[in-house]
Amino acid sequence: MAESKKLSFETIMTVLMEKSDDERKKFIEDHQASIKSVIKLVCRLIITGDKTEKINSLTCLAKISEVEDNLILTNLLEDTAVYEAILKPIVNFIHNRDHPEADSEQVDVIKYSLIILVNITRQKNCVKIFHSLLDTNKLLSSFHTILSNVVMISATDKFEPLIIELVFNLLLNLSQPSLILDEIQKNQDNLALLMKDLLNFFEKSTCTKIRVCCISIIVNFLIHGSAQTTLLDSKSELITKILYPLAGPTEVEFDDEDMAQLPLDLQYLPPDKEREADNNVRDALISCLLLCCNTRKGRDSLKDHGTYYILRELHKQEKDRSIQKRVEDVVDILTKEEEEYNQFPDLMSTAIPEHLIGKFDEMDQTLLNE
Amino acid sequence: MEEHPLFMTKSPEGELPPLVEAIAQVKYDEEMDNKRELAQNYKDDGNENFRFKKYRWAIDCYTKALDCKIDDSEFNSVLCNNRASAHYHLGNFRSSMQDALQAVKYKADNKKAVLRAVECMMKLEKYQQCIDFCQNSNFKSELNSFITKAQDELKRIERDLRKQQAEERRIKAKQEEILKAVAERKINYQGSLFTASHPAAEGHQVYLNNLGQLVWPVLFVYPEYGQTDFIESFNENDSFTDHLKLMFPLDENHPNWDIERKYKTDDLKIAFQDPRTSQFHPFKLTKRLKDVLSDSKFVVVSSVPTFVIVPKDKSFT
């Protein structure tokens with residue numbers, strides 16, 4: 001490596017590692033052209049460098065991946081060796097549940113590799129990476145295995161919560177609709193199992209980011225109208241479990257007549273029952289309900305579970321106007337007569353004339369600003 | 001007729017005819033080499049009795065068969081399950097469940113016994129045990145409907161518990177409100193304000209109406225005739241005259257026990273007794289209940305304010 005080049009490279013490294021988030025992002029955006037070659041260099045160092053260099057380059061790549069995820073993805077797809085180097089510790093990590101005490105260096109490798117992976121799997125063309133992480137023939141069951149491994153790992157407290165969070169983010173990215181559509185339609189048993197575990201972990205976890213991920217993965221499943229039959233099977237209790245965090249002290253809020261409309265688990269909740277405090281979690285939960293409105297089965301299920309009543313009380317208490325607005329959206333659909341939907345078996349695939357799309361957004365915006 | 005064996009209503013007393021005894025001995029001979037055959041005989045008899053709905057006899061037969069202690073778990077499993085069925089028909093769900101579980105222990109894939117055990121658990125409302133049992137059973141996939149039902153029942157029980165707690169909280173809050181109102185009025189009381197000892201007062205207690213007024217159950221005592229009147233709802237703003245007028249109307253509804261017809265509102269006097277001093281404190285009938293209750297000498301005893309009423313010419317003691 002020529003001396004002058006090395007110097008400038010080190011400067012770049014320093015800037016990337018030490019600057020604050022905003023400064024770093026600006027720096028990367030300002031130096032688009034050189035970043036490309038930096039990525040190439042860093043990737044080489046991951047293979048050829050010594051221990052410290054390896055960690056440093058991984059860190060550096062992780063930082064760049066926050067902005068230039070696509071560029072890195074393209075690079076990795078071309079350079080199999082680097083790709084393997086980043087993927088291997090992750091595959092090893094998520095496909096095993098027993099991990100011996102890892103030293104801080106190994107943890108760093110896992111952490112930064114995960115950050116890179118999470119960032120680049122936001123892209124739709126991450127299919128190849130996707131296939132290396134999950135067994136394509138048994139997509140959902142390997143998804144399920146990873147999930148239960150991570151749950152086990154998180155129970156041991158051996159790894160920092162950030163790593164668990166990252167794995168969940170990775171799973172969320174991998175559950176993006178275009179990737180798993182076929183499998184969801186083929187393999188409903190595994191889907192039900194997977195959702196049950198997600199809901200369980202959602203209930204148990206105290207980390208809001210992980211909770212949002214759990215629900216968002218379910219949102220990704222619900223997008224497929226055809227999967228809703230399985231997801232809304234009465235055994236899964238999906239709606240009840242989604243409504244529970246949104247319900248307040250029903251004992252105080254409802255009279256006996258309205259109470260009878262609720263699922264048993266939501267009836268007579270004591271005065272100290274609190275609603276989910278985190279906006280993002282509530283928002284994700286409402287997204288689930290909204291997606292259920294998409295199909296006949298979903299709407300019937302929502303109605304059977306007294307969703308309207310829970311949302312009515314939530315609406316009174318909701319302080320975040322945009323969430324409140326989404327609650328209104330769900331209620332709007334639920335209070336309409338079913339005949340009105342006869343023409344639209346799948347609301348999501350109903351085409352909206354282009355000139356109206358902007359208008360709808362505008363109307364929503366005015367409502368929000370009111 | 002009675003003497004003919006076919007029409008006998010009782011089994012013959014005393015010794016069996018020698019021939020019958022001999023047959024019985026052959027059939028149930030404990031000394032028989034082949035215990036297996038004996039057990040089989042008992043089992044067949046049990047089944048025969050079962051067919052004729054003689055469940056108690058069937059149970060005895062199966063028990064005897066089991067007592068033979070044949071070393072054949074399949075055979076024993078069937079015996080236990082048959083006895084479980086007989087118990088089930090008699091409504092002995094606990095015994096039935098124990099036998100069914102024993103049958104499953106002898107042979108894990110005795111499906112009939114598994115189902116019998118599950119049915120008993122549902123009858124006995126052992127829902128959690130039922131769920132655990134189903135989930136560990138070889139026939140788990142076929143028992144899903146039971147699992148769902150048991151889970152529902154558990155949810156219902158939990159809901160009922162929450163409902164009951166809610167009700168208790170509601171009553172407690174109401175009582176606290178009343179106690180606050182009582183304290184504000186400086187009304188003395190002994191014991192609880194919410195549990196009456198007088199039989200007529202049962203189920204009636206002081207309450208706050210929507211106007212924030214206390215409405216009391218009140219007892220009038222007429223010592224002269226040993227009579228009492230219980231007034232369920234005596235608004236604290238009512239005067240005693242208001243109620244006495246209703247008690248002693250001048251028409252045919254006047255109480256019978258007042259033979260002399262001297263109990264007329266204007267001719268009566270009223271007092272309360274201070275339980276601490278046993279002294280009577282007379283007061284004017286035109287007073288409102290509220291004012292009397294707030295008297296420092298007045299004490300509400302066992303939740304019902306009590307007043308003594310006598311004609312003007314009599315004394316209270």
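Chains as they are written, first to last, in full-length UniProt numbering: chain F, 1 to 370; chain S, 1 to 317. Where is the CB? At the ideal position from N, CA and C, for every residue including glycine.
| Asked | Found |
| --- | --- |
| Residue-chain proximity (S:Asn144, chain F), Cβ-Cβ < 9 Å | yes |
| Within chain C, the residues that S:Ala166 reaches when beta carbons sit closer than 8 Å | Although the question refers to chain C, the structure presented lacks it and instead comprises the protein chains F and S. |
| Counted within 10 angstroms of its Cβ, other Cβ atoms place F:Thr230 as buried (16 or more) or exposed | buried |
| Proximity to F:Asp108 [Cα-Cα], best of F:Asp69, F:Leu76, F:Lys138, F:Lys54 | F:Lys54 |
| Residue of S:Ala173, S:Asp291, S:Val308, S:Tyr222 minimising C-alpha distance to S:Glu236 | S:Asp291 |
| Beta carbon proximity, F:Leu264 to chain S, threshold 9 Å | yes |
| Burial state of F:Asn294, where buried means 16 or more other Cβ atoms lie within 10 Å | buried |
| Close Cβ partners of F:Asn369 (< 8 Å) along its chain, the five nearest in sequence each way excluded | none |
| Three-pair Cβ contact test at 8 Å for the region 115-127 of chain F versus the region 139-151 of chain F | no |
| Bridge-paired residues (DSSP) for S:Ile231 | S:Val218 |
| Neighbourhood of S:Thr195 by C-beta distance below 7 Å, restricted to the same chain and skipping five residues each side | Ser303 |
| Strand pairing of S:Arg288, partner residues [DSSP] | S:Ser239 |
| Where the alpha helix (DSSP H) through F:Phe360 begins and ends | 354-369 |
| Residue from F:Met152, F:Phe27, F:Arg44, F:His31 with nearest C-alpha to F:Asp197 | F:Met152 |
| Contact with chain F by S:Asp132, beta-carbon distance below 9 Å | no |
| Beta-carbon separation (whole angstroms), S:Ala100 vs S:Ala108, contact threshold 8 Å | Not confirmed; about 13 Å, so no contact. |
| For S:Ile309, the residue or residues it bridges with in DSSP | S:Ile270 |
| Collapsed DSSP secondary structure at F:Gln32 in the structure displayed | helix |
| For S:Phe220 and S:Ala200, the rounded distance between their alpha carbons | 12 Å |
| Inter-residue spacing [alpha-carbon to alpha-carbon] between S:Asp72 and F:Val167 | 55 Å |
| Cβ shell of F:Leu291 (< 7 Å), same chain only, five flanking positions each side left out | Val219, Leu222, Ile223 |
| Against chain S: residues of the region 191-202 of chain F by CB proximity under 8 Å | none |
| Proximity of F:Ile86 and F:Ile46 at Cβ, strictly below 9 Å | yes |
| Rounded C-alpha distance that separates F:Leu7 from F:Ser178 | Because the pLDDT at F:Leu7 is just 49, under 50, the model does not fix this residue reliably, and the value given afterwards should be weighed accordingly. Those two C-alpha atoms are separated by around 44 Å. |
| Backbone secondary structure at F:Asn342 - three-state DSSP | coil |
| Residues bridged to S:Phe283 (per DSSP) | S:Ile270 |
| Contacting positions in the region 215-238 of chain F - beta carbon closer than 8 Å to chain S | Ser234, Lys235 |
| Where S:Lys155 meets chain F, residues with beta-carbon distance less than 7 Å | Leu264, Asp265 |
| Closest by C-alpha distance to F:Gln106, when choosing among F:Phe159, F:Asn96, F:Ala81 | F:Phe159 |
| Beta-carbon spacing of F:Glu274, F:Leu285 below 9 Å | no |
| Inter-residue Cα distance where the pair is S:Phe316 and S:Lys163 | 49 Å |
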